[in-house]
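J.:
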Ligand SMILES: [Zn+2]
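Residue numbers (the numbering used here): 604 to 814.
#1: In angstroms, rounded to a whole number, what distance separates the CA positions of residue 721 and residue 697?
#2: Hey, could you find the ends of the alpha helix (DSSP H) residue 743 is sitting in?
#3: Residue 664 to residue 670, Cα distance in whole Å?
#4: Does DSSP put residue 806 in a helix, in a strand, or in coil?
#5: Verify the contact flag: residue 753, CB atom, against every heavy atom of ligand 1, threshold strictly below 7 angstroms.
#6: Nearest by alpha-carbon distance to residue 844: which of 638, 792, 808 and 809 is it?
#7: So, for residue 780: in the same chain, excluding its five sequence neighbours on each side, which residues have a beta-carbon less than 7 angstroms away from its beta-carbon?
#8: Which of the three DSSP states is assigned to residue 757 in this structure?
#9: Starting from the C-beta of residue 763, find all residues in its chain whose C-beta is less than 6 angstroms away, skip the five residues before and the five after it, and write them out in chain order.
#10: In the DSSP assignment, what residue or residues form a beta bridge with residue 705?
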């Protein structure tokens, strides 16, 4: 079973450094969701569905809007390749489902959080499974509940790196981890099931991993 623990990856591969010039946000649709910005139609629609269905999400939107900080939700295609010593390297591991990275300055202040969601990978998995559209949509909502509400919102509200909301660590119950607990708040309000582990098994596309 694949581990779903990509959230340290983005920092390790240097997305923080890439973000200020590396993500194109012009033309991004702020939509009804205010501080959660995306220009991807499926992500925009998923963010809007969550906002309609979850009072906790709407409260977070209002609170983050008051800070002036933003979460920028993008696909891997929108993350520009980083140049290191003239060598291009990918800024996102495309085998991952999603990653999140706070954009901070030298003092640890966070102005925005970058959330990368591999929509193409999730969509392709569902196409191989002949899923119903609703199953694909529900998985996008689960991923966004974890990455945006679980990780991005605490950073944005804190305004610095103290807002880190941790993923499960081996040897401790996943359901006690900060990010999983927050994800489950949104899942409960949207009736998307409860996540109790650190893997992808609670996503509909996890069926693919067993075949
Ligand atoms: Zn996480």
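Backbone N, C-alpha and C fix where the C-beta goes; we use that ideal spot for every residue, glycine too.
T.: Straight from the coordinates:
#1: 7 angstroms
#2: Per DSSP, residue 743 belongs to the alpha helix (DSSP H) from 736-747.
#3: Distance between the alpha carbons of residue 664 and residue 670 is about 10 angstroms.
#4: coil
#5: yes
#6: Any answer about residue 844 is impossible in this case: the structure gives the chain only from 604 up to 814.
#7: 769, 770 and 771
#8: Helix, per DSSP.
#9: 711, 712 and 713
#10: 716
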